[in-house]
Every structure is written in C-alpha cells, then in structure tokens.
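Asks:
Encoded structure:
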C-alpha cells in the first residue's frame with residue numbers, strides 16, 4: 020500500500036491547477052466569426068489571414084486579431100462644414116456618407132483611421148464643389164452635389180478597400196441675413212403670383228361673361244328671326260288659302276255656266292262675278308293707310324260697262 024505524502028498532494032493540486040489554466044487559456048483562443056464580420060489575423064506581427072464565418076483557433080503567443088471589420092453598409096453623419104460659394108457667401112453644410120467595406124485587409128492597413136480620412140476628404144471635396152457654384156445654384160443643386168461627391172469619394176477610397184454607395188447633403192444653412200433676404204424674396208414672389216392669378220381669374224370671368232352675352236344675343240336674334248319667318252309663312256299660307264278659295268269659287272261659277280246648271284243667266288252670272296271682284300277691290304282700298312277714301316258715284320255704271328265688254332268679247336269668241 021502506497022502512502023501519499025503531503026508534498027505529493029500539493030504537487031498534484033498544483034499540476035491540476037496548471038492544466039486547468041492551460042485548458043481555459045486554450046478555450047479562450049477559440050473564435051467564432053459571424054456572418055457580417057471579418058477577422059484580420061496577424062502572426063508574429065505580420066498579416067496572416069482573413070477569417071470568415073466559422074470556428075477558428077488562435078495559436079497561443081503567435082497569432083493575434085489585428086481588427087474586426089463589419090461588412091454591413093455603414094452610415095456616417097459628419098458635422099457641418101463651413102464652405103464659401105462662388106459669390107463669397109459662407110454657409111454651413113453637413114453631409115451623410117453611406118459606405119461598405121469591400122476588402123477588410125486594405126481597410127485595416129490602407130489608412131490609419133478610415134472614418135477620419137473619409138470625413139476630411141468629404142469636407143475638402145465639398146469645398147471644391149461649392150466653390151464653383153453660386154448661392155442660388157447651391158440651394159437648387161443637391162443632386163449634382165451628391166453625385167459629384169459620391170464619384171470623387173468612391174474613387175479616392177478604393178485603395179482603402181471602401182465602396183462609397185451614396186452621399187447626401189443633409190442641411191444647407193446660409194447666414195441669417197441671407198435667410199431673411201430669401202424669405203422676403205419668396206414672400207414677394209408669392210404675392211406677385213397671387214396678384215397674377217387674381218388678374219387672370221378676373222380676366223377669365225369677364226371673357227366668359229362677354230361670351231355669354233354674345234351667345235345670348237345670338238340666340239335672341241335667331242329666335243326673333245324664326246318667329247318672323249314663322250309669322251311670314253303663316254300670313255303667306257293664309258293669303259294662299261284665300262286666293263285658292265277665290266279661284267275655286269270662280270272656277271265653280273264658270274263650270275256651272277258651261278254646264279248650263281246655273282240659276283242665273285250668263286250675263287247676270289258674269290255681272291255678279293265682276294260685282295264681287297269690285298267689292299273686293301274696294302275692301303283692299305279701305306284697308307290702306309289713307310285717311311280719306313273717294314268712291315266714284317258711277318261704280319254701278321262701271322260694273323255695267325265691264326259686263327257689256329265681257330259679253331262682247333264672249334260673242335266674238337263664239
């Protein structure tokens with residue numbers, strides 16, 4: 020039977036503690052890389068590898084993690100920068116840069132502080148672009164400024180493994196006096212537009228009213244014309260009916276004379292017709308506008324003479 024002394028027990032405990040410490044240390048050297056991250060590994064102070072998704076192990080006292088780079092698109096909001104326009108107006112402009120790291124190695128070793136470098140590069144680029152624009156053009160050319168800055172920053176950050184996706188000008192703040200002047204100008208412009216709109220509305224209203232009056236007069240004239248036409252047609256139709264009745268009466272008398280069925284003699288019939296015509300002539304004379312009418316006293320003799328002449332013509336014809 021072996022007896023374990025106290026010294027041996029202490030030694031065994033020390034060994035277990037050392038082994039446990041080594042095991043814990045080795046466990047801490049294990050790294051799990053996530054989907055959106057990249058690990059830059061240095062071995063003995065030099066670049067060794069870029070770790071992607073998975074479980075990796077760092078060699079003790081040899082490997083170290085130089086940097087952990089996020090592969091997500093990142094947003095950096097830079098502080099307002101003082102810039103001077105072409106017409107010597109100083110204003111404050113702040114920008115927002117959207118970028119993505121494409122090469123973690125270049126991002127780690129390309130520049131000391133990539134974000135600081137992008138900020139300073141953005142400020143200088145913005146000053147160069149605004150320096151070629153006047154105040155009014157600066158306020159209305161956000162898209163042009165954004166596209167130029169994105170192109171310049173993207174080209175400049177290629178050696179750093181960075182892709183600039185988008186640059187946005189967030190705020191453009193002119194001096195207070197310029198803002199007051201612009202506000203007065205905009206107020207005057209709005210008042211001018213209001214007056215123009217009111218004048219155009221009044222003009223349009225008068226034009227429409229005049230067109231309405233014109234159409235009303237035209238319609239009224241057409242209605243009067245139609246009424247006069249209808250009246251004239253009615254009078255013409257009435258006269259035609261009267262004449263047709265007279266012609267029919269004369270025709271009936273002559274047909275009766277020719278057939279020998281009249282109750283009057285030929286001379287009496289002709290005399291009666293002529294007498295009727297003379298009465299009609301007198302009626303027409305009476306319908307005139309004259310205030311005085313002269314009727315001959317020998318109208319009966321006139322009728323007799325006309326009758327005699329007609330009988331003579333009839334005998335000659337026979």
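In this note's numbering, the protein residues as written are 20 to 337.
Idealized CB from N, CA, C, for every residue including glycine.
1. For the region 100 to 144, list the beta strand (DSSP E) runs that are entirely contained and at least 3 residues long, ordered along the chain.
2. Can you check DSSP and say which residues form a bridge with residue 73?
3. Taking C-beta to C-beta, are residue 137 and residue 109 nearer than 8 Å?
4. For the candidate residues 111, 38 and 201, whose alpha-carbon lies nearest to that of residue 102?
5. If contact is defined by three or more beta carbon pairs under 8 Å, each pair taking one atom from either stretch, is the region 217 to 228 in contact with the region 130 to 146?
6. From the DSSP output, which residues share a beta bridge with residue 87?
7. My output table needs one value for residue 208: the three-state DSSP class, helix, strand or coil.
8. Less than 8 Å between the beta carbons of residue 88 and residue 57, yes or no?
9. Does residue 187 come out as helix, strand or coil in the three-state DSSP assignment?
10. Out of 157, 215, 50 and 38, point me to the one whose CA is closest to residue 74's CA.
11. Would you say residue 78 reaches chain D, if we count a Cβ-Cβ gap shorter than 8 Å as a contact?
12. With 16 as the cutoff for other CB atoms within 10 Å, does residue 7 come out buried or exposed?
13. From residue 8 to residue 106, what does the alpha carbon distance come to, in whole angstroms?
14. Would you kindly check if the distance between the Cβ of residue 113 and the Cβ of residue 93 is under 8 Å?
15. Contact defined as beta carbons within less than 8 Å: I believe residue 181 pairs with residue 120. What is the distance between those atoms, to the nearest angstrom?
16. Return the residue from the list 227, 116 and 228 that minimises the CA-CA distance to residue 173.
17. Tell me which same chain residues have a C-beta within less than 6 Å of the C-beta of residue 34, skipping the five on either side of it?
18. Tell me the residue span of the alpha helix (DSSP H) that contains residue 98.
19. May I ask you to list the residues that DSSP assigns as paired with residue 44?
20. Report the CB separation of residue 91 from residue 55 in whole angstroms; it is logged as a contact under 8 Å.
21. Alpha carbon to alpha carbon, what distance is there between residue 59 and residue 124?
Replies: In short:
1. 100 to 103 and 109 to 120
2. 52
3. no
4. 111
5. no
6. 58
7. helix
8. yes
9. strand
10. 50
11. No chain D is part of this structure, which consists of one protein chain only.
12. With the chain covering only 20 through 337, there is no way to say anything about residue 7.
13. A query on residue 8 cannot be resolved here, the shown segment of the chain reaching from 20 to 337 and no further.
14. no
15. 6 Å
16. 116
17. none
18. Careful: residue 98 lies outside any alpha helix (DSSP H) and carries neither H nor E.
19. Beta-bridge pairing links residue 44 to no other residue.
20. 5 Å
21. 7 Å
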